[in-house]
Structures are given as C-alpha cells and as structure tokens.
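Following our numbering, the numbering of the sequence shown begins with 90 at its first residue and continues without gaps.
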Amino acid sequence: NRNIDINEVLPVQLIERIIKAKQVTAVSDDELEKVIMQVISENQKAIEDYKKGKEQVMGFLVGQVLRQMKGKGDTQKISAIIKRLIV
C-alpha cells in the first residue's frame, strides 16, 4: 500500500481511490430486503434459535446475507432489517 499525498491528488481522485480501496458499494433497500427474506425462509431453525434467545445466531444470518450479496451491504443495517422482519 502506497500512502497518498493529498497535496498531489485532486479531491475527486482521492475519493475515487478511497472508494476503490474500501470497495464501498451501495445496495438498494429493496434488493437487500429480498435477499434477507430468502435467507430467513431458508434458515427457519436459526430464526427459531434467535427467538429463543441465542443472539449469536444473528451473526450467522448476517453472514448468510453477506454471502448472497457477495460482501455488499452494511452489517448493522442487515441486522436491523432481519430483526424487524422476524419479530
């Protein structure tokens, strides 16, 4: 990794480099919710376990969503949507 001298790079170029480096991607709420619904329907036992108090199952469910989304998505947002949909 090479350090970037902010005096040598235009702000637009700096932002593009940061986005590329961090692989920031936007995912629509509709697309995200569709994938979450699919993960919920495919993992009913995990949902039941979560409802029984096994909170670590949420990490598994979020991981399944991220796997389907190829790593795109915000884990906190995914977790919040899952909780909203299964309550």
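Glycine included, each C-beta is placed from N, C-alpha and C at the ideal position.
Span separating the alpha-carbon of residue i from that of residue j
i    : j    : result
E105 : G142 : 43 Å
L155 : V101 : 29 Å
V113 : L103 : Legend: pLDDT at V113 = 49, less than 50; position of this residue unreliable, value from coordinates given subsequently. Between V113 and L103, the C-alpha separation is close to 14 Å.
Q145 : K159 : 21 Å
K172 : M126 : 11 Å
Q133 : L99  : 50 Å
Proximity below 8 Å, CB of residue i to CB of residue j
i    : j    : result
Q153 : V128 : yes
M147 : S168 : yes
I175 : Y139 : yes
Contacts around residue i, its chain only, beta-carbon distance under 6 Å, and the 5 residues preceding and following it disregarded
i    : result
Q157 : V124
Expected contact under 8 Å - CB spacing of residue i and residue j to nearest Å
i    : j    : result
A135 : L121 : About 18 Å; that fails the 8 Å criterion.
Cutoff 7 Å; reference residue i; Cβ partners in own chain excluding five residues on either side
i    : result
G162 : V116, L121, V154, L155
E131 : none
D119 : none
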